[in-house]
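The block underneath contains the structure these notes are about, expressed in structure tokens.
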Amino acid sequence: MKCARLSLTVNTSLFEPHNLLPSDGKAINYGPIFSVEESDQSFTKLMSSLPWKSDVIKMFGKTITTTRKVAWVGDGGLDYTYSGATKCPLPWTALLTQLKNRVEEQIGESFNSCLLNLYHDGGEGMSWHRDNESTIIPHSPIASLSFGAKRRFHFKHIETKERITTELEHGSLLVMAGEIQSYWLHALPKSKAITAPRINLTFRQMKPS
433 MKCARLSLTV
443 NTSLFEPHNL
453 LPSDGKAINY
463 GPIFSVEESD
473 QSFTKLMSSL
483 PWKSDVIKMF
493 GKTITTTRKV
503 AWVGDGGLDY
513 TYSGATKCPL
523 PWTALLTQLK
533 NRVEEQIGES
543 FNSCLLNLYH
553 DGGEGMSWHR
563 DNESTIIPHS
573 PIASLSFGAK
583 RRFHFKHIET
593 KERITTELEH
603 GSLLVMAGEI
613 QSYWLHALPK
623 SKAITAPRIN
633 LTFRQMKPS
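Each position in the sequence shown, counted from 1, maps to that position plus 432 in the working numbering.
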């Protein structure tokens, strides 16, 4: 039995892409790039079609199992190591390929992998960090696609401590590029007010293993 193909079209909203950062890299907010219907369909299919697993990481000498769930997808052989754990890539699904193609069309870049995070509610988040692992091509863009609950997203400059806050909406795209990983930390803060889940897809350019 063949699954119906999800048709993804360009959202023609008047949102103007803009860089959130004053210097030392780019964080370009494109706003929603899919219609609400397309975003709803993508969210539902991602929730049910991926083998979500808790993230097991090492911090301060301790092994921690997160309530947040993850999935690592990519071209063959693109293992990803971070926080003391190595993940082997799952194959691209038809939906993930469509989403990747749409993001690539939007920003004029190509990607070979994607880290997906499932946050069940606002009680789950991500502390300050940089995506600067040695397996990621230096200064390559990372495209962050969000489905589900709207969440705040923070940036903090490493030297000046300046902070920038934006909101990631259902079906929205945020692209981090240039020297951002050298100068800025980013975080997804927890919030008791958020009771709905969110799925975040971060498309990446990884070095061949």
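All C-beta atoms, glycine included, are put in the ideal place defined by N, C-alpha and C.
Assuming Phe475 and Cys546 form a contact by the criterion Cβ under 8 Å, report the distance between their Cβ atoms to the nearest whole angstrom. Numbered from 1 along the sequence shown, position 43 holds the residue referred to as residue 475. Numbered from 1 along the sequence shown, position 114 holds the residue referred to as residue 546. Going by Cβ atoms, the distance from Phe475 to Cys546 rounds to 15 Å, so no, they are not a contact pair.
Would you say His589 and Tyr615 are within 8 Å of each other, going by their C-beta atoms? Indexing the sequence shown from 1 puts residue 589 at position 157. Indexing the sequence shown from 1 puts residue 615 at position 183. Yes, these two residues count as a Cβ contact at 8 Å.
Closest by CA to Thr627, which one among Ala581, Trp524, His571 and Trp560? Position 195 of the sequence shown, counted from the first residue, corresponds to residue 627. Out of Ala581, Trp524, His571 and Trp560, Ala581 has the C-alpha closest to the C-alpha of Thr627.
His552 to Glu591 span [Cα, whole Å]: On the sequence shown, position 120 is the one that residue 552 refers to. On the sequence shown, position 159 is the one that residue 591 refers to. So the two alpha carbons sit approximately 33 Å from each other.
May I ask which residues mark the beginning and end of the alpha helix (DSSP H) holding Asn549? Within the sequence shown, the letter at position 117 stands for residue 549. No alpha helix (DSSP H) holds Asn549; the beta strand (DSSP E) holding it covers Ser545 to Tyr551.
Check the DSSP bridge columns for Gly506 and list the partner residues they point to. Residue numbering aside, residue 506 sits at position 74 when the sequence shown is read from its first letter. Ser545.
Whole angstroms is fine: what's the gap from Asn564's alpha carbon to Arg534's? Position 132 of the sequence shown, counting from 1, holds the residue named residue 564. Position 102 of the sequence shown, counting from 1, holds the residue named residue 534. When rounded, the distance between both Cα atoms is 25 Å.
Can you tell me where the alpha helix (DSSP H) with Glu470 in it begins and where it stops? On the sequence shown, position 38 is the one that residue 470 refers to. Glu470 -> alpha helix (DSSP H) spans Val468 to Ser481.
Check this for me: beta carbons of Leu577 and Asn544, under 8 Å apart or not? As a position in the sequence shown, residue 577 is number 145, starting the count at 1. As a position in the sequence shown, residue 544 is number 112, starting the count at 1. No, Cβ-Cβ distance for Leu577 and Asn544 is not below 8 Å.
Using the DSSP secondary-structure output, state which residues sit across from Val535 in a beta bridge. Counted from its first residue, the sequence shown places residue 535 at position 103. Note: Val535 sits in no beta bridge, so no partner.
With distances taken between CB atoms, is the gap from Tyr609 to Lys458 smaller than 8 Å? Position 177 of the sequence shown, counted from the start, is the residue given in the question as residue 609. Position 26 of the sequence shown, counted from the start, is the residue given in the question as residue 458. Note that residue 609 is Ala in the sequence shown here, rather than Tyr. Yes. Within cutoff.
Measure the alpha-carbon distance for Val468 versus Ser604 and round it to whole angstroms. Against the sequence shown, residue 468 aligns to sequence position 36. Against the sequence shown, residue 604 aligns to sequence position 172. Computed Cα separation, rounded: 10 Å.
In terms of residues, what are the limits of the alpha helix (DSSP H) holding Pro614? As a position in the sequence shown, residue 614 is number 182, starting the count at 1. Position check: residue 614 holds Ser in this sequence, whereas Pro was assumed. Ile612 to Tyr615 is the span of the alpha helix (DSSP H), which, as asked, contains Ser614.
I need the straight-line Cα distance from His602 to Pro454, nearest angstrom please. Locating residue 602 in the sequence shown gives position 170, where the first residue counts as 1. Locating residue 454 in the sequence shown gives position 22, where the first residue counts as 1. C-alpha separation (whole angstroms): 25 Å.
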